[in-house]
Amino acid sequence: MAKMPKMVADWRREKREAKQKQKEEKARREKLLAEARERFGSTVDPRSPKFLEMVAEIEKEEKK
Numbered sequence: 078m079a080k081m082p083k084m085v086a087d088w089r090r091e092k093r094e095a096k097q098k099q100k101e102e103k104a105r106r107e108k109l110l111a112e113a114r115e116r117f118g119s120t121v122d123p124r125s126p127k128f129l130e131m132v133a134e135i136e137k138e139e140k141k
């Protein structure tokens, strides 16, 4: 039981980090969808080959 406060603090930190990562991923996805809408002129399904190709192209540019 002596380790309980540390365990709770670690758990809370992990939850906070996971929530932050999820929020960042959602923002990234929204940004990509907005860019796809702008490029293609209409709403694009995130599973479509055109969208996936665009995402791969953007990630390739970011790595440079």
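The working numbering puts the first residue of the sequence shown at 78, with every later residue one more than the last. Ideal Cβ placement from N, Cα and C applies to all residues, glycine included.
(1) What does a CB cutoff of less than 8 Å around Arg116 pick up in its chain, not counting 5 residues either side in sequence?
(2) Would you call Ala113 buried or exposed, if buried means 16 or more other Cβ atoms sit within 10 Å of its Cβ?
(3) Go ahead and pull the three-state DSSP assignment for Lys140.
(4) Looking at the structure shown, is Ala104 part of a helix, part of a strand, or coil, going by DSSP?
(5) Compare the C-alpha of Ile135 against each of Ser125, Leu109 and Gly118 and name the closest.
Walking through what the data contain:
(1) By 1-based counting over the sequence shown, the position of residue 116 is 39. Counting only Cβ-Cβ distances below 8 Å, and skipping sequence neighbours, we find Met131.
(2) For this step, residue 113 is matched to residue 36 along the sequence shown. Classification for Ala113: buried.
(3) For the purposes of this step, residue 140 is taken as residue 63 along the sequence shown, with counting starting at 1. Lys140: helix per DSSP, three-state reduction.
(4) On the sequence shown, residue 104 is found 27 positions in, with the first residue counted as 1. DSSP places Ala104 in helix when its eight states are reduced to three.
(5) As a first step, residue 135 must be located in the sequence shown, where it is residue number 58. Closest option to Ile135, Cα to Cα, is Leu109.
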